[in-house]
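Residue numbers (UniProt numbering): 1 to 239. Virtual Cβ for every residue (Gly too), placed ideally from N, Cα, C.
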Amino acid sequence: MPLLAACGGSDGGSRDGTTSNKDARKILPAYVASNVVTPDIPGKNGSAVGFTAKLDLAGLKTSVPKKLGKGGEVTVMSPFWGSPPKDDNAYYTSMNDLIGVDVVWQNQDGNTYDQKLGAVLASSEVPDVVVVPGWNMTGKIPSAIIGKFADLGPYLSGDAVKEYPNLAAIPTDAWRRSIFGGKLRGLPMPSSYVTGIVPLYRQDIFEQEGYEVPAPATSSWHWPRTPPTRRPSAGPAWT
């Protein structure tokens, strides 16, 4: 059976059937904070961690040092905004080599992803992994998830998740969004919009107009409120 990966947005869709808190506690994975990097601003009560400077790549630890994959191919359908990269690009190739599995990305237009998602889940040809954004969790999607996605509970519930450090680092409450029909059927991808977006700016225009890049993080929030007479072309990039 395929695997569900849910990301972003608020939970606008309903789950078929309800799961009590008592039953959910038996299903939800344990939580083990990641020690790959020490944040400058630790998270509190589930909030995202923060950094005040770029990380020293040479000093980063490896969360999973061993290559766990043993060959084979995994298909992943995901929304994508922009021109999809080539299948043999350096990033995909390097990741496949590190994990030991050939991941075949079926990138779909993010603007019309809801239409593609509905059609695929209604068919018999469902990829191994399907990304379902929170804003697409409507209509018959929850019912389709119950009928077509695998139960991950035997592999991830409770302390079982500790075999997978990166998954164990997901806060326990975030996993509640992955319970469908009383079963754990997906991997949540909790991310705040602040840390999930990289602000970009046109350095050439800034230099030409004499603009200064805000240094403290708080300044960047006030800068758009008092823009210069000529606003530079700048915008966020999804990561």
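Anticipated Cβ contact below 8 Å, residue i with residue j, distance rounded
i	j	result
proline 190	proline 171	7 Å
asparagine 96	aspartate 88	Not a contact, Cβ separation roughly 10 Å.
proline 133	proline 188	Going by Cβ atoms, the distance from proline 133 to proline 188 rounds to 12 Å, so no, they are not a contact pair.
residue 304	glycine 50	Because residue 304 is not part of the residues shown, which for the chain are 1 to 239, the question remains open.
serine 157	isoleucine 27	5 Å
From the options, residue whose alpha carbon lies closest to that of residue i
i	options	result
leucine 57	Gln115, Phe80, Val36 and Val130	Val36
lysine 86	Asn107, Thr75 and Leu117	Asn107
tryptophan 135	Gly110, Ser143, Asp173 and Trp175	Gly110
glycine 118	Pro142, Ile27, Val104 and Asp102	Pro142
glycine 72	Asp128, Arg176, Glu163 and Gln203	Asp128
asparagine 45	Gln203, Gly158 and Ala33	Ala33
residue 247	Tyr211, Pro165, Gly82 and Lys54	Coverage of the chain is limited to positions 1 through 239, which leaves residue 247 absent and any answer about it impossible.
proline 84	Val74, Trp105, Lys70 and Val64	Trp105
lysine 70	Gly43, Trp81, Gly100 and Leu55	Gly100
serine 63	Gln208, Ser178 and Glu163	Glu163
valine 74	Gly82, Asp114 and Val126	Val126
asparagine 21	Asp173, Trp81 and Lys116	Asp173
threonine 112	Gly82, Ile205, Ala90 and Leu55	Gly82
Cβ neighbour criterion (16 or more within 10 Å) applied to residue i
i	result
arginine 25	exposed
methionine 77	buried
threonine 19	buried
methionine 137	buried
alanine 144	buried
aspartate 11	For aspartate 11, the predicted structure reports a pLDDT of 47, less than 50, and the residue's modelled location is therefore unreliable. A value from the coordinates is still provided. Aspartate 11 should be labelled exposed.
lysine 183	buried
tryptophan 175	buried
serine 47	exposed
proline 199	exposed
isoleucine 41	exposed
leucine 60	exposed
serine 178	buried
leucine 152	buried
valine 213	exposed
Own chain residues within Cβ distance below 7 Å of residue i, not counting five before or after
i	result
valine 161	Pro29, Ala30, Leu167 and Ala168
leucine 55	Val37
Neighbourhood of residue i by C-beta distance below 6 Å, restricted to the same chain and skipping five residues each side
i	result
leucine 121	Ala144
aspartate 159	Ala30
glycine 139	none
Close beta carbons around residue i, own chain, < 8 Å, minus the five adjacent residues each side
i	result
tyrosine 92	Pro85, Val103 and Trp105
aspartate 23	Gly182
CB contact below 9 Å: residue i versus chain C
i	result
threonine 138	Looking for chain C here will not work: only one protein chain is present.
Residue i: CB within 8 Å of a non-hydrogen atom of the ligand ZN
i	result
valine 74	In the structure on display, the ligand ZN does not appear, and there are no ligands present to speak of.
Quiz prompt | Length at least 3, wholly inside the segment 126-212: the beta strand (DSSP E) runs in chain order | solution = 129-133, 186-189 and 197-201
Quiz prompt | Ranges of the beta strand (DSSP E) found wholly within the segment 57-130, counting only runs of at least 3 | solution = Runs of the beta strand (DSSP E) spanning 3 or more residues and lying entirely within the segment 57-130 occur at 73-80 and 102-109, in chain order.
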